[in-house]
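Encoded as structure tokens, the structure appears first; notes follow it.
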Amino acid sequence: MQVNETDIKKMVEQVLQQLGQSQVASNPVAAQESISLGDGVFATVDEAAAAARLAWEKLRKLPLSTRRQMIDSMREISRKYVNELAQLAVEETKLGRVEDKIAKILLATNKTPGVEELVSTAYSGDDGLTLVEYAPIGVFGSITPSTNPAATVINNSISLIAAGNTVVYNPHPSAKQVSIKTLKLLNQAIVAAGGPENCLTSVAAPNLETSAQVMNHPNINALVVTGGGPVVKAAMSVGKKVIAAGPGNPPVVVDETAIISQAATDIVKGASFDNNVLCTAEKEVFVVDKVANALKSEMVKNGAIELKGFQFEKLLEKVLVTKNDKFYPNRDFIGKDANVILQAAGIQASPEVRLIIAETSKDHPLVMTEMLMPILPIVRVPDVDKAIELAVIAEKGNRHTAIMHSQNITNLTKMAQEIQVTIFVKNGPSVAGLGFESEGFTTLTIAGPTGEGLTSAKTFTRQRRCVLVDGLRII
Ligand code: NAD
């Protein structure tokens with residue numbers, strides 16, 4: 032038998048892997064953290080991709096009625112385990128609030144569209160019948176974030192399976208336990224409803240290397256990535272179809288016609304929801320000078336604390352880090368409760384406080400940096416035109432989300448036209464843009480950079496034309 036260089040490399044990898052697994056087993060802490068194989072979880076990306084491909088070959092032959100049952104069953108199991116998944120997400124990632132994770136998981140479970148979204152278009156006439164149907168793409172690679180781990184896996188899985196695809200996930204390494212637990216439960220639900228095994232797969236130990244392997248794998252047809260700028264850039268350089276959901280920096284504009292008490296309540300609610308880790312959450316406010324004081328005092332009545340002078344400086348020292356003249360959020364405080372951040376800065380506050388506010392200049396690092404913390408800079412402006420102009424700059428062309436509080440239709444229309452975002456919330460908290468206590472479906476993958484915008488089952492299909500030519504034509 033001839034053994035070439037690739038065979039040797041494979042053998043060495045296998046031995047190293049076995050060695051790694053036995054080391055994990057002999058270390059009780061590591062064993063506790065290790066993720067067992069099975070129910071869609073594999074040791075390598077090659078195995079995960081092969082299993083997802085086999086599952087797709089089976090799925091594409093099943094009737095739509097089975098696909099519907101699979102989706103129903105996925106929703107049912109997600110509802111059953113919602114509390115456990117929310118708790119695990121917070122424990123593992125140390126980001127956000129359990130009650131808000133529950134709300135997000137339920138949103139993804141109940142309001143992600145299923146098979147019913149894929150309605151074919153029929154053209155019938157003297158020359159026959161043409162159908163344009165939504166057909167699957169095949170095996171997707173999905174890279175998921177730490178900020179909405181279970182909710183994104185549920186949302187992406189319902190959309191991808193409804194569209195007839197299977198998927199290889201690469202969850203965020205710091206959210207692997209909860210993401211993979213979610214994936215395993217969903218696979219069990221799929222099988223219980225008569226679907227194939229391994230429709231959703233992942234490696235047991237996802238990391239940046241496996242993320243790149245998923246992106247470049249020849250058995251994976253297309254990618255959906257949800258995360259920050261670097262992962263979007265990496266996916267877009269691969270050369271296959273990519274649906275990329277990148278960072279946001281949603282501005283809020285408040286003009287002099289807004290109902291200030293309502294605006295204040297909504298802004299505190301949206302900006303403090305899950306401690307601001309949502310890409311759609313309010314990240315900076317531009318308020319017309321005439322109503323700025325009223326807005327701040329209403330926000331303070333509704334769970335915000337305003338910091339000024341020395342206290343604000345202390346806070347900034349904690350939450351911002353500088354590298355090569357650029358500002359970044361201090362990761363230790365991403366997604367933490369306002370109280371934890373205040374305590375670290377030596378500031379005593381009521382445990383009821385959910386959001387920290389402070390007046391800043393228009394180009395302050397807090398305004399221009401996606402912080403993902405319950406800290407909201409407030410910028411005073413002379414009029415609504417200036418507010419809209421600055422909001423467009425702060426949004427940075429992400430085409431993501433913006434919020435406006437106003438009773439003036441002309442102002443609302445101007446903002447919508449100028450800012451060109453995917454989600455524009457008027458007179459409500461940002462979470463309303465995800466379908467929370469509002470109309471419309473939910474997505475946790477908002478694809479601004481590649482242009483799909485709100486993703487759902489339809490986004491993960493290709494249009495297929497089936498033409499039946501009139502059989503009675505005379506030749
Ligand atoms: P992150 O970018 O750190 O990680 C996301 C995923 O990408 C992870 O699985 C990670 O392992 C992988 N990854 C990161 N860099 C990579 C690289 N260079 N090559 C290959 N893979 C890489 O994101 P996070 O901190 O978990 O999530 C927060 C970010 O995601 C924020 O910027 C937020 O705005 C954004 N986000 C956007 C949406 C949206 O719908 N647009 C939704 C959720 C989060």
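Under the working numbering, the first residue of the sequence shown is numbered 32, with each subsequent residue one higher. Ideal Cβ positions, reconstructed from N, Cα and C, are used throughout, including at glycine. These numbers come from a predicted model, not from an experiment.
Same chain only: Cβ atoms within 8 Å of residue i, ignoring 5 sequence neighbours per side
i: Gln219; result: Asp70 and Ile108
i: Val500; result: Asp158 and Gly159
i: Lys40; result: Low local confidence applies: a pLDDT of 48 at Lys40 is under 50, so the model's placement there is unreliable, with the coordinate-based value given in what follows. Excluding sequence neighbours, Lys40 sits near nothing in its chain.
i: Leu373; result: Ile336, Leu346, Gln379, Ala380, Val384 and Ile387
Among the options, the one whose alpha carbon lies nearest that of residue i
i: Ile454; options: Glu313, Gly172 and Asp356; result: Glu313
i: Thr97; options: Pro227, Ile450 and Thr481; result: Pro227
i: Ala81; options: Val163, Glu383 and Asn229; result: Asn229
i: Gly270; options: Ser188, Asn247 and Glu426; result: Asn247
i: Asp363; options: Asp356, Lys357, Leu351 and Ala223; result: Leu351
i: Ile136; options: Leu485, Leu465 and Ala86; result: Leu465
i: Lys332; options: Ile406, Pro261, Ala433 and Gln293; result: Gln293
i: Arg106; options: Ser392, Leu397, Gly145 and Ile409; result: Gly145
i: Thr241; options: Glu344, Val412, Ser173 and Gly195; result: Ser173
i: Val299; options: Ile189, Asn250, Gly459 and Asn141; result: Gly459
i: Arg84; options: Ile168, Gln379 and Asp394; result: Ile168
i: Leu138; options: Val184, Pro94 and Ser177; result: Val184
i: Val462; options: Gln451, Ala433, Pro480 and Thr444; result: Ala433
i: Gln208; options: Glu123, Thr75 and Asn179; result: Glu123
i: Asn250; options: Ala79, Glu483 and Ile450; result: Ala79
i: Leu149; options: Lys125, Leu191 and Thr257; result: Leu191
i: Val255; options: Gln438, Lys345 and Asn201; result: Asn201
i: Gly127; options: Leu95, Arg99 and Ala181; result: Ala181
i: Ile211; options: Glu470, Thr481, Ser67 and Ile406; result: Ser67
i: Pro231; options: Thr197, Thr140 and Thr257; result: One detail in the question is off: residue 231 reads as Leu in this sequence, not Pro. Checking every option, the nearest Cα to that of Leu231 belongs to Thr197.
i: Glu115; options: Ile221, Val234, Asp103 and Val129; result: Val129
i: Met435; options: Thr75, Val316, Ala302 and Glu147; result: Val316
i: Ala243; options: Asp416, Thr75, Ile419 and Asn442; result: Thr75
i: Asn187; options: Ser151, Ser104, Thr140 and Ala206; result: Thr140
First and last residue of the uninterrupted alpha helix (DSSP H) at residue i
i: Met267; result: Gly260 to Met267
i: Pro396; result: Pro396 to Met399
i: Lys272; result: Looking at the DSSP string, Lys272 is not in any alpha helix (DSSP H); the run it does join, the beta strand (DSSP E), is Lys272 to Ala276.
i: Lys354; result: Note, Lys354: premise wrong, no alpha helix (DSSP H); beta strand (DSSP E) at Leu351 to Lys354.
i: Lys89; result: Val76 to Leu90
i: Gln448; result: Ile440 to Ile450
i: Ala389; result: Where Ala389 is concerned, there is no enclosing alpha helix (DSSP H), although the beta strand (DSSP E) it sits in stretches over Leu386 to Glu390.
i: Ala425; result: Val415 to Glu426
i: Ile66; result: Segment: none, Ile66 is in no alpha helix (DSSP H) and carries neither H nor E.
i: Ala139; result: Val129 to Lys142
C-alpha distance - residue i paired with residue j, whole-angstrom precision
i: Gly366; j: Gly377; result: 19 Å
i: Leu216; j: Val121; result: 18 Å
i: Leu214; j: Arg495; result: 29 Å
i: Arg493; j: Pro396; result: 42 Å
i: Tyr154; j: Ala166; result: 17 Å
i: Asp131; j: Asp77; result: 36 Å
i: Ala86; j: Phe171; result: 12 Å
i: Met101; j: Ala223; result: 8 Å
i: His203; j: Gly156; result: 51 Å
i: Pro176; j: Tyr112; result: 20 Å
i: Val72; j: Pro94; result: 26 Å
i: Phe491; j: Ile189; result: 11 Å
i: Thr441; j: Gln342; result: 39 Å
Range of the contiguous beta strand (DSSP E) that encloses residue i
i: Ile358; result: Ile is not the amino acid found at residue 358; the sequence shown has Phe there. First-last of the beta strand (DSSP E) with Phe358: Lys357 to Pro360.
i: Leu160; result: Gly159 to Pro167
i: Ile290; result: Looking at the DSSP string, Ile290 is not in any beta strand (DSSP E), and its letter there is neither H nor E.
i: Val245; result: Taken as a continuous stretch (DSSP letters only), Val245 belongs to no beta strand (DSSP E), being part of the alpha helix (DSSP H) at Leu239 to Asn247.
i: Thr213; result: No beta strand (DSSP E) contains Thr213, which is instead part of the alpha helix (DSSP H) from Lys207 to Ala223.
i: Thr432; result: Thr432 to His436
i: Ser104; result: Counting along the chain, Ser104 falls outside any beta strand (DSSP E), though it belongs to the alpha helix (DSSP H) covering Leu95 to Lys111.
i: Thr197; result: Thr197 to Asn201
i: Gly494; result: A quick correction: the sequence has Gln, not Gly, at residue 494. Residues Thr492 to Val500.
i: Thr183; result: No beta strand (DSSP E) holds Thr183; the alpha helix (DSSP H) holding it covers Pro180 to Ala193.
Close-in-space but distant-in-sequence residues of the same chain around residue i (CB under 6 Å, 5 per side omitted)
i: Cys497; result: Leu162
i: Glu468; result: none
i: Ile133; result: Val113 and Ala117
i: Ile406; result: Ile387
Interface flag, residue i vs chain D, CB-CB below 8 Å
i: Glu115; result: Absent from the structure is chain D; it holds one protein chain and no more.
Residues of its chain near residue i, where Cβ-Cβ distance is below 7 Å and the 5 sequence neighbours each way are ignored
i: Arg430; result: Gln451, Val452, Thr453 and Gly479
i: Pro278; result: Gly259, Gly260, Cys310, Glu401 and Asn429
i: Lys393; result: Val410 and Leu421
*Counting pairs of beta carbons, one from the stretch 316 to 333 and one from the stretch 474 to 483, are three or more of them closer than 8 Å?*
no
*Validate contact between the stretch 289 to 306 and the stretch 255 to 275 using beta carbons, cut 8 Å, 3 pairs*: no
*asked:* Counting beta carbon pairs with one atom in the stretch 332 to 342 and one in the stretch 386 to 402, are three or more of them shorter than 8 Å?
replied: yes
*Are three or more beta carbon pairs between the stretch 257 to 269 and the stretch 420 to 432 nearer than 8 Å?*
no
*contact_flag[the stretch 281 to 288, the stretch 314 to 322] where n(CB pairs < 8 Å) is 3 or more*: yes
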